[in-house]
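First up is the structure itself, then whatever we jot down about it.
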Amino acid sequence: MTSEVDVAVIGGGFSGTMAAVQLGRRGLKAALIDGSGRMGRGVAYSTREPAHVLNVRAEVMSAWPEDLEDFSRQVVAEGGTPKDFAERRRFGRYMDEVLGDALESGQVEPVAATAVRAQRQGDGWIVTLDDGRGIKARALVLAIGNQDPAPMPFAQGISPNRFVNNPWGPDARAADDRLAGTDKTVLLIGTGLTAVDHVLALDAHGHHGRITMLSRRGQVPRGHILYEPWPVEAQDVPLGNVLKVWRWLRKRAGQGNWRAAVDAMRPHTSMVWRSWDAEQQGRFMRHARPFWDVHRHRIATEVAERMKQLIGNGQLQIAAGRIKAMRETADGVEVEVCARGACKVETRTFDTVINCTGPLHAMEQTENPVIRQMLDDGLVAVDRIGIGLKVDETDRAGERVWAMGPVTKGNYWEIIAVPDIRGQAARVAEDIEMELK
Ligand SMILES: Cc1cc2nc3c(=O)[nH]c(=O)nc-3n(C[C@H](O)[C@H](O)[C@H](O)COP(=O)(O)OP(=O)(O)OC[C@H]3O[C@@H](n4cnc5c(N)ncnc54)[C@H](O)[C@@H]3O)c2cc1C
Numbered sequence: 001m002t003s004e005v006d007v008a009v010i011g012g013g014f015s016g017t018m019a020a021v022q023l024g025r026r027g028l029k030a031a032l033i034d035g036s037g038r039m040g041r042g043v044a045y046s047t048r049e050p051a052h053v054l055n056v057r058a059e060v061m062s063a064w065p066e067d068l069e070d071f072s073r074q075v076v077a078e079g080g081t082p083k084d085f086a087e088r089r090r091f092g093r094y095m096d097e098v099l100g101d102a103l104e105s106g107q108v109e110p111v112a113a114t115a116v117r118a119q120r121q122g123d124g125w126i127v128t129l130d131d132g133r134g135i136k137a138r139a140l141v142l143a144i145g146n147q148d149p150a151p152m153p154f155a156q157g158i159s160p161n162r163f164v165n166n167p168w169g170p171d172a173r174a175a176d177d178r179l180a181g182t183d184k185t186v187l188l189i190g191t192g193l194t195a196v197d198h199v200l201a202l203d204a205h206g207h208h209g210r211i212t213m214l215s216r217r218g219q220v221p222r223g224h225i226l227y228e229p230w231p232v233e234a235q236d237v238p239l240g241n242v243l244k245v246w247r248w249l250r251k252r253a254g255q256g257n258w259r260a261a262v263d264a265m266r267p268h269t270s271m272v273w274r275s276w277d278a279e280q281q282g283r284f285m286r287h288a289r290p291f292w293d294v295h296r297h298r299i300a301t302e303v304a305e306r307m308k309q310l311i312g313n314g315q316l317q318i319a320a321g322r323i324k325a326m327r328e329t330a331d332g333v334e335v336e337v338c339a340r341g342a343c344k345v346e347t348r349t350f351d352t353v354i355n356c357t358g359p360l361h362a363m364e365q366t367e368n369p370v371i372r373q374m375l376d377d378g379l380v381a382v383d384r385i386g387i388g389l390k391v392d393e394t395d396r397a398g399e400r401v402w403a404m405g406p407v408t409k410g411n412y413w414e415i416i417a418v419p420d421i422r423g424q425a426a427r428v429a430e431d432i433e434m435e436l437k
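Going by the numbering used here, the first residue of the sequence shown is number 1, and it counts up by one from there.
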């Protein structure tokens, strides 16, 4: 059975949903394909956990680039303020409405399935789904989100109830539920936003055992505070060299509020990223990124406060070091860690270990079936440093195929948050409209 639409959008998280909705607004019929059960909300906003709040204020979370207060108006109507860090599930409900309106209009058709193949047919595409159905489309949008983390070689063979590789999957939710109310020890590998999410979920569910967050540098996202913006003009930002911009930014941060200095880079990050060659981009990824991430992608003020309390009462420990080995024992997972700056190896046993190191950054290793096949068939290609798909200035990844969201980070670097993606969705929809009409 094959249905026919103007555009097939693969992936129904924030990126794909906004692409489909924007296409619908332009009179194009879109099929929104997502078999995860999270259509509209995606990975980030399908959490059920009230302690998971947005990591930016409500005032910047509108789905619409032309109506920036759309979400914060709802928050205010419910007694909040635009400066609130609303619950992520509240934003999820907002996205349910955005998608619901589009479904009601008949312009967007939900398809609860996984796309396994996409092949050229005439000027357009035929997408094959895992249930055997086909969708014929004049254009294709790839909005598949972040890739699941790569398996950790040293964790091979450890049972999934002791070692959880995907921190956003059902095993991770089951681990948080299983640990609720217990004093069992937990190791979170990674000290970024994903690890913070797990600390919050465990804390909210009465877990009172020791949690260790471990990464090579032990850098944790900083907290938000209100500050006076301190914009910078594009022509003042050094281009072409990572070290040059890094030194300039550190100097500027030292002269005033560092948060204001870092956030002032937001309109310019893509320009800076593109001014670097592949070697400079690789250098940034290896050396600067861990520091950039924790200063740029901050946590809500109340989350930072709770983390501080947990560290203060000894329940949470932040460690810097490298894992040398791991094995399952009768008591849990025995982990050998080499602390940063020391060559001594310490061995500790944890009840549960969760991999919070972030998504797979090597697109060539993707196991997403449709992307794997499209790469193998030469229909799309990997970007020059291998972290996503190669796209042009209009986000075209090939003949009548566009890519959106985190898979385009090789082109923009920062295309992972709502304020960036909502603009990209509108631009992609406009480009598709021009192509098809
Ligand atoms: C935990 C978390 C919290 C965040 N918090 C914030 C925040 O507070 N503010 C902010 O601005 N940004 C935040 N972000 C960043 C950003 O909003 C999200 O990354 C963004 O929503 C990305 O959406 P996406 O649609 O590209 O990806 P995803 O949400 O991952 O959605 C992709 C979807 O595609 C589906 N898919 C993949 N392959 C196929 C296939 N072959 N066939 C069918 N479907 C497929 C997947 O199942 C998934 O449902 C957060 C991100 C995360 C992970």
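Beta carbons are placed, not taken as given, at the ideal position from N, Cα and C, and that holds for glycine.
Cβ-heavy atom distance, residue i to ligand 1, below 8 angstroms
{"i": "S270", "result": "no"}
{"i": "D34", "result": "yes"}
{"i": "H52", "result": "yes"}
{"i": "P65", "result": "no"}
{"i": "L360", "result": "no"}
{"i": "F154", "result": "no"}
{"i": "P267", "result": "no"}
{"i": "A143", "result": "yes"}
{"i": "I10", "result": "yes"}
{"i": "L193", "result": "yes"}
{"i": "A31", "result": "no"}
{"i": "D70", "result": "no"}
Counted within 10 angstroms of its Cβ, other Cβ atoms place residue i as buried (16 or more) or exposed
{"i": "P153", "result": "exposed"}
{"i": "A149", "result": "Per the sequence presented here, residue 149 reads as Pro, with Ala not at that position. It is buried - the Cβ of P149 has at least 16 other Cβ atoms within 10 Å."}
{"i": "F163", "result": "buried"}
{"i": "A330", "result": "exposed"}
{"i": "K344", "result": "exposed"}
{"i": "R90", "result": "buried"}
{"i": "I225", "result": "exposed"}
{"i": "S105", "result": "exposed"}
Where residue i sits in the DSSP three-state scheme
{"i": "K390", "result": "coil"}
{"i": "P160", "result": "coil"}
{"i": "I318", "result": "strand"}
{"i": "Q119", "result": "strand"}
{"i": "V245", "result": "helix"}
{"i": "T185", "result": "coil"}
{"i": "G410", "result": "helix"}
{"i": "R400", "result": "coil"}
{"i": "A304", "result": "helix"}
{"i": "V9", "result": "strand"}
{"i": "E233", "result": "coil"}
Proximity test, residue i beta-carbon vs ligand 2 heavy atom, cut-off 8 angstroms
{"i": "D351", "result": "Ligand 2 is absent from the structure shown, which contains only ligand 1."}
Own chain partners of residue i with C-beta closer than 7 angstroms, once the 5 adjacent residues on each side are dropped
{"i": "R88", "result": "A44, Y45, T47, H52, V53, L54"}
{"i": "V272", "result": "V237, L239, V245"}
{"i": "T269", "result": "W413, E414"}
{"i": "V242", "result": "W276, Q280, R283, F284, A288"}
Beta-carbon contacts of residue i that lie in its chain and below 6 angstroms, excluding the five residues immediately before and after
{"i": "H208", "result": "D183"}
{"i": "D351", "result": "K184, T185, G332"}
{"i": "A31", "result": "V5, A8, E109, V111, I135"}
{"i": "F3", "result": "A quick correction: the sequence has Ser, not Phe, at residue 3. Closer than 6 angstroms at the Cβ level, and outside the excluded window around S3, lie I135."}
{"i": "G12", "result": "L32, D34, M39"}
{"i": "L23", "result": "V7, A30, A429"}
Cut-off 8 angstroms between Cβ atoms - residues of its own chain near residue i, not counting five sequence neighbours on either side
{"i": "T366", "result": "Q147, L360, R372, L375"}
{"i": "F85", "result": "V53, L54, N55, V56, R57, A58, H224, A300, T301, E302, V303"}
{"i": "G256", "result": "W230"}
ask   = Going along the chain, which unbroken runs of the alpha helix (DSSP H) with 4 or more residues stay wholly within the segment 21–92?
value = The qualifying runs are 42–45, 70–77.
key: Within the segment 355–387, ranges of the alpha helix (DSSP H) (whole runs, at least 4 residues)   = Here the runs fully enclosed are 369–376.
inquiry  = Ignoring anything shorter than 3 residues, give me the beta strand (DSSP E) runs that lie fully in the segment 168–230, in order along the chain.
reply    = Those beta strand (DSSP E) runs which fall completely within the segment 168–230 and span 3+ residues are 186–189, 211–215.
message = Just to confirm the assignment: which complete alpha helix (DSSP H) runs, minimum length 4, are found wholly within the segment 253–294?
response = Those alpha helix (DSSP H) runs which fall completely within the segment 253–294 and span 4+ residues are 258–263, 269–275, 278–283.
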